[in-house]
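According to this note's numbering, the stretch in the sequence shown is residues -16 to 460, in order.
Glycine is no exception: its CB is placed at the ideal position from the N, C-alpha and C atoms.
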Amino acid sequence: MSVKYMPSNNSKTVFLVCFMVALAGLLFGIDIGFIAQAKDFIKKDLVVDDQVISWVVGSMMGGATFGTLISGYLTRKLGRKYSLIISASCFVLGALGCALAWNGTSLIIARIIVGFSIGVASFTAPLYLSEVAPKSIRGTMITMYQLLITIGILASFVINTFIRNCTFTGAEGQIAENFLISDISLSWRSMLGVTVIPSVIFLIGVFFLPRSPRWLISVGRHEEALNVLKKIRGTEEEAEQESREIIDTVSGQAKSNGFAMFMQNKNFRKTVFLGITLQLLQQLCGINIIMYFGPELIKAAGYTSEFATNLGTIAIGLTNVLATFIAIAYIDKWGRKPILVAGYSIMSAAMLGVAVFMHYNYSMAAIISVLVFIVAFAFSAGPVVWVLCSEIQPLKGRDFGITCSTGANWLSNMAIAATFLPLMSVLGASGTMLMYAACSVIAIFLILAFVPETKGVSLEHLENNLMKGVRLRDIGK
Ligand code: BGC
């Protein structure tokens, strides 16, 4: 058979496709970052109490959990591409709703819609990426999704800081004409309104995506799958071979899907539990405490001026973006497992540092420890957990497996955000940080014992080993 050489367009197509899907991460990130700075303006403008504000914060995560839970069904029935279209449409709708909300309830409803779309996207984007990217760069492509999450967080920190600084708040000594934005209502509405722009780009982009070849084969549309593979693989031979491998894997699989497969197949149960554990560990290290309560933490460390909190918050966001490039460069070279072990080791030490330095009021050392923690998270747990969770599940159970792991991410994310302030009042800042440090230590042992190395291995190879009963940590061998 003649081997046609990779028209360089193919690698460009893969990159463009992956970038478009990774934009979902940007929307995810923007919404994480937004919470930190808009809450006090909303509180004043809509005249709502702390309880309503917690609902405004939590409703997004509640919507995301719901979105994640039905994503398995959506991606199976409609396919990955149409699930992304639903997500993007809801995002545009929800973002507009947030910017136009007239009271606490309407804002909460709009945030649930945004959350729903983020839940669907955070489920579907890594799944789609894992199914479309060639195995040699699969890790890098899924990491691009995490990179865009971090860029989204940074963008919203920067834009929101700028908007806050341009806002006439009526504080003593301010002169209205000196400010670009005349009141706090316009200010928080602009913070939320800017998210409409990337969501419209995302919506337009997803219409042009090819369908996932693995999904097409799972519903019997083999020829279409082969055509997609020919567009996104180097050679026709490569495309044909991959298509044959996927067909073999699908036909050799148990007929049951999702939950039934979970009940019947103990090998599948192992990857489901591993996915859930990985996502729980990702949240329990305490990353979102820094993302959501960054300004408060900086104040607690002793820097109370507005300038210092702005600078600190942006430094956190920027460090998060820059360190993700380490993962982009090395995830497909060093492998997932060594990166995770190194990351959690540094995270536990850095969190311990935050606890000790806060206790002794060493402000600068505490802030530096926070930044070291962010570096370690950003090159390890941040991207690698999403990568592994989308790789380890067998094709027939992938939707169910990823529903469970992504659902665990959102539920624990919500629980961490809700328990942070009460924990601080019971254990104090240092005690709370120590608890997160301990979770990272536990993570190291669990990773060593159970996580397989998936670098450069095809999804079909992982699945065949898993189903043969090979020990979880060895399925990549
Ligand atoms: C996590 C988010 C977190 C973000 C920070 C993601 O991988 O799932 O909860 O806010 O990383 O960069």
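query: Once DSSP output is grouped into helix, strand and coil, what is the label at residue 302?; result: helix
query: If you draw a straight line from the alpha carbon of residue 395 to that of residue 430, how long is it in whole angstroms?; result: 19 Å
query: Identify, in the order they occur along the chain, each residue of the same chain with its Cβ nearer than 6 Å to the Cβ of residue 24, setting aside the five sequence neighbours on each side.; result: 167, 170, 171
query: State the Cα-Cα distance for the pair residue 35 and residue 86, rounded to the nearest angstrom.; result: 10 Å
query: Which word fits residue 457, buried or exposed, when buried means at least 16 other C-beta atoms lie within 10 angstroms of its C-beta?; result: exposed
query: Grouping DSSP H, G and I as helix and E and B as strand, with all else coil, what is residue 164?; result: strand
query: Taking 7 Å as the cut-off, does the CB of residue 55 come closer than this to any heavy atom belonging to the ligand BGC?; result: no
query: For a test of the three-state rule: what should DSSP assign to residue 287, helix, strand or coil?; result: coil
query: Could you tell me the alpha carbon to alpha carbon distance between residue 399 and residue 90, rounded to whole angstroms?; result: 22 Å
query: Assuming residue 367 and residue 319 are in contact, meaning their beta carbons sit under 8 Å apart, how far apart are those beta carbons, in whole angstroms?; result: 5 Å
query: Tell me whether the beta-carbon of residue 331 lies closer than 8 Å to the beta-carbon of residue 423.; result: yes
query: Between the Cα of residue 50 and the Cα atoms of 245, 390, -2, which residue gives the shortest distance?; result: 390
query: Report the rounded CA-to-CA distance for residue 62 versus residue 447, giving the unit in angstroms.; result: 24 Å
query: Can you look up residue 133 in the DSSP assignment and give me helix, strand or coil?; result: helix
query: Compute the minimum distance between the beta carbon of residue 322 and the heavy atoms of the ligand BGC, and state whether it is under 7 Å.; result: no
query: For residue 150, which three-state DSSP category applies?; result: strand
query: If you follow the alpha helix (DSSP H) that residue 216 is part of, which residue opens it and which one closes it?; result: First-last for residue 216: undefined, no H or E at that position.
query: Measuring CB to CB, does residue 11 end up less than 8 Å from residue 101?; result: yes
query: Verify whether the separation of the beta carbon atoms of residue 356 and residue 334 is less than 8 Å.; result: yes
query: Closest by CA to residue 17, which one among 97, -7, 57?; result: 97
query: Could you check which residue in 212, 243, 345 has the C-alpha nearest to that of residue 228?; result: 212
query: Measure the CB-CB distance between residue 303 and residue 133 and report whether it falls below 8 Å.; result: yes
query: Extract the residue ranges of the alpha helix (DSSP H) inside the region 404 to 460, only unbroken runs of 4 or more that lie entirely within it.; result: 442 to 451
query: Compute every distance between the C-beta of residue 129 and the non-hydrogen atoms of the ligand BGC, then say whether any falls below 7 Å.; result: yes
query: Is any non-hydrogen atom of the ligand BGC found closer than 7 Å to the C-beta of residue 143, if you look at the structure I gave you?; result: no
query: For residue 153, count the other beta carbons within 10 Å of its own beta carbon; 16 or more makes it buried, fewer makes it exposed. Which is it?; result: exposed
query: Could you tell me the distance, in whole angstroms, from the CA atom of residue 284 to the CA atom of residue 344?; result: 7 Å
query: Suppose you measure from the CA of residue 351 to the CA of residue 208; what does that come to, to the nearest Å?; result: 49 Å
query: Classify residue 249 as buried or exposed, calling it buried when 16 or more other Cβ atoms lie within 10 Å of its own Cβ.; result: exposed
query: According to the Cβ coordinates, are residue 72 and residue 186 closer than 8 Å?; result: yes
query: Does the count of Cβ pairs from the region 269 to 279 and the region 294 to 312 closer than 8 Å reach three?; result: yes
query: Less than 8 Å separating the beta-carbons of residue 281 and residue 295?; result: yes
query: Expressed to the nearest angstrom, what Euclidean distance is found between the alpha-carbon atoms of residue 384 and residue 372?; result: 8 Å
query: Please list, in chain order, all residues of the same chain as residue 451 whose beta carbon is under 7 Å from its beta carbon, the five residues on each side excluded.; result: none
query: Is DSSP giving residue 376 helix, strand or coil here?; result: coil
query: Please classify residue 396: does DSSP put it in a helix, a strand, or coil?; result: helix
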